[in-house]
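In this note's numbering, the protein residues as written are 111 to 595. The beta carbon of each residue, even a glycine, is placed where N, CA and C say it ideally should be.
Rendered as structure tokens:
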């Protein structure tokens, strides 16, 4: 029972960290950045070859909140902080409010055009990813903040507990093919090596306090809860081992295909409706992971009614040594079967969908007429047909599959080429987390070096304490000097 409560407490604590996973809307279809290939395996690759600097070729991080900012709680406005928490957090947030965080670090990334067939493009690499999502456990938050003494007859639902955290390495290989001057398609296979997985999604039950028949009050708990974990047990064992750096060895081994393995697939395409109008779409992470080693699961299933004990929360949490609290725990352990097991399980990756509509305009002047274009755009099969245009406007859609339904974002963008060395892209994104998300990304090329920098929600940088979302992406790549095909 103790271990079960510890794991649930970890999940609940993680849920209090209000994070929003970035979906990289600036990078999507930003062809000047080689890493955009990871968001659409069917993109029109601009470069003959590329290689990213190890670890520095793709860094991304996003932090945010769907319902409240730090400034809302800690602002010096004369309002008591307890009252702010009650009104804005406990009562202000809903059970459907979600918090998520996704961080990626690219280990290596290489791409090159086929030597015998320039219409084929190959890429391979690896990256480390941390993915976390939880939903606000509204009923349990109210129970913990107000207690049960003033909530006689109210059912506090346990199904609000829904969370997942996973750390894994992803190894990928992709092929991209230009079928004709209008259509380019691509596919990417993935092997997942899960390092750590913790998830608790299919929970049911409730806690209720009613007037008792034999005593003043009776507390009833009906529970069908489960926490599944993999990797944590092996890491815990390594922490108890006297061998120095053993934990580090375990983490490295689990990331290098020594963890729980899975398979995935990415698909995508780019299609030219006409010379200036382009549509794209991709689906990412159609995959699963089979967890069969270092698995430790915890279940709590059954029902219990205990009379004669009034659990006064949050005082009972502050004084855990009180006899009534220990008696309640002991009684529940006797009446509700608690179990831990090592059963294997399968998790599915959060599938993502991207789509875009782009309109290109303002042609470059051919070289020799005062322009700087070195591409033969008069040929209908040219691999650089989009480089003819200096400007582009359009819209994008992003959908990610989450435990309580899809999460959708809509983005409008404007992109501008400034000579052969700089391209900039500005975005405006609307989703359930923000209606004023303005982002900017730039890609610069100097000789063999490409550097990109992207930042989101720029308007919030004036006051980060009141910001509900902030993110950035950065990378360095080596590209061919003249990119002749």
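- DSSP, read as helix, strand or coil, puts residue 193 in helix.
- Residue 283 sits exposed, since fewer than 16 C-beta atoms from the chains shown fall within 10 Å of its C-beta.
- Using a C-beta cut-off of 8 Å, the region 337–345 makes no contact with the region 246–261, since fewer than three inter-stretch Cβ pairs fall below that distance.
- Between residue 456 and residue 400, the gap from beta carbon to beta carbon is short of 7 Å.
- A distance of 7 Å or more separates the beta carbons of residue 394 and residue 448.
- Straight-line measurement puts the Cα of residue 264 at about 43 Å from the Cα of residue 135.
- Between residue 415 and residue 150, the gap from beta carbon to beta carbon reaches 7 Å or more.
- The alpha-carbon separation between residue 543 and residue 215 amounts to approximately 24 Å.
- When only Cα atoms are considered, residue 558 and residue 461 end up about 35 Å apart.
- Between the alpha carbons of residue 362 and residue 503 lies a gap of roughly 44 Å.
- Residue 411 is bridged by DSSP to 334.
- Distance check between residue 249 and each of 270, 386, 241, 567 places 270 closest, using alpha-carbon atoms only.
- As computed with DSSP, residue 321 is found in a beta bridge with 327.
- 468 is the residue among 468, 334, 533, 591 whose C-alpha sits nearest the C-alpha of residue 153.
- In the displayed model, residue 517 falls within a strand according to three-state DSSP.
- If you draw a straight line from the Cα of residue 142 to the Cα of residue 244, it comes to about 35 Å.
- Here the alpha carbon of residue 349 sits roughly 49 Å from the alpha carbon of residue 323.
- Buried is the label assigned to residue 517, since at least 16 other Cβ atoms lie within 10 Å of its Cβ.
- In terms of Cβ geometry, residue 561 and residue 586 form a close pair [threshold 7 Å].
- Between residue 279 and residue 310, the C-beta spacing is not below 7 Å.
- In the DSSP annotation of this structure, the continuous segment of the alpha helix (DSSP H) that includes residue 357 starts and ends at 356–363.
- Per DSSP, the unbroken alpha helix (DSSP H) holding residue 251 starts and ends at 248–256.
- Annotation: residue 239 is outside any alpha helix (DSSP H); the continuous beta strand (DSSP E) that includes it extends over 230–245.
- Only residues of its own chain outside the window of five on either side were considered, and among them 150, 151, 152, 296, 392 have a CB closer than 6 Å to the CB of residue 378, listed in chain order.
- Residue pairing for residue 213: DSSP places it in a beta bridge opposite 240.
- A distance of 7 Å or more separates the beta carbons of residue 267 and residue 332.
- Each of 509, 237, 300, 336 was checked against the Cα of residue 274, and the nearest Cα belongs to 336.
- When beta bridges are read from the DSSP output, residue 377 appears opposite 297, 393.
- Under the three-state reduction of DSSP output, residue 345 falls in the helix class.
- Taking 7 Å as the cut-off, the beta carbon of residue 465 is found no closer than this to the beta carbon of residue 498.
- Spanning the alpha carbons of residue 512 and residue 167 requires a straight line of approximately 28 Å.
- DSSP places residue 505 within a strand segment (E or B) once states are collapsed to three.
- Contact annotation: residue 251 and residue 200 have beta-carbon atoms nearer than 7 Å.
- The beta carbons of residue 240 and residue 164 sit about 19 Å from each other, so the pair does not count as a contact at 8 Å.
- Secondary structure of residue 449 (DSSP, three-state): strand.
- Counting along the chain, residue 159 sits inside the beta strand (DSSP E) bounded by residues 159–162.
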